[in-house]
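Under the UniProt record's numbering, the sequence shown has 197 at position 197, and the numbering climbs by one with no breaks.
The beta-carbon is built from N, C-alpha and C at its ideal position, and this holds for glycine as well.
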Amino acid sequence: MGLLCIPTSSSSSSSSSAVPTLFLICCAFFVSQAFGARTPHPETFLPFIWPLPEKFSYGNETLSVDPALSLSGNGAAFNIVREAFERYKGILFKHGDRFSFIRTLRSAYDVNKLSIIVHSNSEELPLGVDESYNLFVSGAQPLSGAGGVTIEANTVFGALRGLETFSQLCSFDYTTKRLQISKVPWSIRDKPRFQYRGLLLDTSRHYLPVNVIKQIIEAMSYAKLNVLHWHIIDEQSFPLEVPSYPNLWKGSYSEWERYTIEDAHDIVNFSKMRGINVMAEVDVPGHAASWGVGYPDLWPSPSCKQPLDVSKKFTFDVLSGILTDMRKIFPFELFHLGGDEVNTDCWTNTSAVNEWLKNKNVTAEEAYEYFVLKAQNIALTKNWSPVNWEETFNTFPSKLHPRTVVHNWLGPGVCPKAVAKGFRCIFSNQGVWYLDHLNVPWEVVYDADPLEGIQKASEKKLVIGGEVCMWGETADTSDVQQTIWPRAAAAAERLWSPREFTSGKHARVTALKRLQYFRCLLNRRGVAAAPVTNYYARTPPDGPGSCLVQ
């Protein structure tokens, strides 16, 4: 029931800001459905909230927010909530009330307290944790003149999502020099469409410092993404410390381009405080040439370095040792074992391995299956559910463990086949959700849907979500953020918001202005998000202009 809101500078005498508050001029056309209302209203706004909430209503008041905003409710008892509250205060109150004597000259603020109610005492973060929340902003009361803000959630992680939405309702008025909330009263009831909303980060092709990884995680929380798929190691480098096999990280680019186990713990803990799980990946048996720098016996031969040597017990001892050490770091229930792009020529062309194949009476393709299933069994014994790239499903679907999650990437149509056989699936079609494909525009990312081609409700439930992939061949610290953002945010709304609100002929037009606003929000928060409408992702603006129209 909303109408397109086009950001513009205000001509009102009450504000001279070039940055919009939250809602300004609206164009008259209807979006797909009424948001919980029976009859669309011709003067309804579609809010600049990203991703769009499931249900919301609002009014016409404006409230000011006290820089000394305090936290109340039982949510204040949780460290995750308290730290998030302080983070968002730091984001929202950048401009000030820096001098206490100035505050005494001002009239009272309308909102001075934020109440957070959490119904569960658990701070566990499993796949599918309840991230729903209700957010209420009441108008000024007749006697006190004060307004109120309440976030109610079943878990602390729902409270985090509510805090992000609250932060997007707030804007700084450059005339009054106050933080304000427009369109009060607000009532928002929200929950995610998919339980898995991921971003893959590749730190093998280019090393990314820990602080850069944290900046990306922080930005993920703004878009309500909830899984960092950490593709830590690959054929190019092995940067992670593995105490059981300490020579493995000799495969790093240099002694400075490494992650200690303390670094990895830090990243996992930092992520959890933002409601984000970390799914690590050890891609086997291919993409593993870097392992042999520290342990050459893992190579089939010095001149043929991958796939890993399937014929040696030592190979699986090392793999088991890696997973044993990583299980102490990564509590998330999913672990990615790769399994993609395995060229078995190295096995057949190496005499020792080829002799093993003959003795076992197996082909190289059957040895590939053997390796994948053995790796799955190692992960399963450590209480992980294995995730594998789709080649494993395409090659030997009946042999995969029932707990396997099939990760699509080669193209469309894989998730429908996987869920039809009872497997769970993650959607990452490279044609639409690979961020290193710089010629894929935001609208192609936005239009892609993980449930395409799936009709049965029981099978739709097996698609746990999707993931955009930031492969690192051409991305390092200098350009990774602007390659990820804002296109990753387009997928984030697809994964969070109801499909009926993000599909249809008007959805993309409506989304563009909101995504441009969100890109500006990211920029204001220090995230180097590139212009939305550039032909090639991560390229700079083609001329002067506002972030709202680029």
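Cutoff 6 Å; reference Phe93; Cβ partners in own chain excluding five residues on either side
Pro67
Contact defined as beta carbons within less than 8 Å: I believe Glu281 pairs with His231. What is the distance between those atoms, to the nearest angstrom?
5 Å
Beta-carbon proximity check, Ile181 vs Leu201, cutoff 9 Å
no
Alpha carbon to alpha carbon, how far is Phe48 from Tyr368? Give it in angstroms, no decimals.
49 Å
Beta-ladder partner(s) of Lys113, from DSSP
Ser70
Rounded distance between the beta-carbons of Pro185 and Trp496, thought under 8 Å
Not really, about 23 Å apart at Cβ, beyond 8 Å.
In three-state DSSP terms, what is Thr58?
The sequence shown places Tyr at residue 58, rather than the Thr named in the question. Reduced to three states, the DSSP call for Tyr58 is coil.
Just to confirm before moving on: does the CB-CB distance between Ile378 and Leu319 stay below 9 Å?
yes
Are the segment 148 to 159 and the segment 75 to 89 touching, with three or more C-beta to C-beta distances below 8 Å?
yes
Identify which residue in Asp542, Thr533, Pro386, Pro450 has its Cα closest to the Cα of Ser503.
Pro450
What does the alpha-carbon distance come out to for the pair Leu462 and Lys456?
10 Å
Pull up the DSSP beta-bridge partners for Gly465, would you.
Tyr196, Ile426
Figure out for me which residue from Pro300, Asp283, Pro209 has the closest Cα to the Cα of Glu257.
Pro209
If the criterion is Cβ atoms closer than 9 Å, does the pair Thr477 and Val278 meet it?
no
Could you check the C-alpha separation between Asn226 and Phe335 for me, to the nearest Å?
15 Å
Looking at residue 551: is its Cβ nearer than 9 Å to the Cβ of Ala159?
Since the displayed the chain opens at 1 and closes at 550, residue 551 lies outside it and no answer follows.
By the three-class DSSP mapping on this structure, what secondary structure does Arg538 have?
coil
Taking 9 Å as the cut-off, decide whether the C-beta atoms of Thr533 and Pro402 are in contact.
no
Does the pairing of the segment 320 to 327 with the segment 379 to 390 give three or more beta-carbon distances under 8 Å?
yes
Beta-bridge pairing of Trp186 - partner residues as DSSP gives them
Val137
Please return the same chain residues whose Cβ sits closer than 7 Å to the Cβ of Pro544, not counting the five positions on each side in sequence.
none
Selection from Glu83, Gly466, Gly422, Ala364 that minimises the alpha carbon distance to Pro412
Gly466
Contact between the segment 507 to 515 and the segment 233 to 252: three or more CB pairs below 8 Å?
no
For Gln168 and Thr176, the rounded distance between their alpha carbons
19 Å
May I have a chain-ordered list of the alpha helix (DSSP H) segments no shorter than 4 residues that lie completely inside the segment 466 to 504?
480 to 484, 487 to 496, 499 to 502
Grouping DSSP H, G and I as helix and E and B as strand, with all else coil, what is Asp436?
coil
What residue range does the beta strand (DSSP E) around Ser171 cover?
170 to 173
Among the residues of its own chain, which have a CB less than 7 Å from the CB of Arg178, if the five just before and after it don't count?
Ser64
Excluding the 5 residues flanking Ala364 on each side, which residues of the same chain have their C-beta closer than 7 Å to its C-beta?
Thr344, Trp347, Thr348, Leu357
Sequence-distant residues of its chain with Cβ nearer than 6 Å to Pro541 (five each side left out)
Pro531, Gln550
Within its chain, find whatever has a CB closer than 8 Å to the CB of Ile322; leave out the 5 residues flanking it on each side and keep chain order.
Val242, Ser244, Tyr245, Leu248, Val282
Spatial neighbours of Lys250 in its chain, beta-carbon cut-off 8 Å, leaving aside the 5 residues before and after:
Phe238, Val293, Gly294
By a C-beta neighbour count over all protein chains shown, 10 Å radius and 16 as the cutoff for buried, is Asn408 buried or exposed?
buried
Grab the span of the alpha helix (DSSP H) containing Glu365 for me, first residue to last.
364 to 381
Which same chain residues, not among the five before or five after Ser546, have their C-beta less than 6 Å away from its C-beta?
none
Gly90 - DSSP class collapsed to helix/strand/coil
helix
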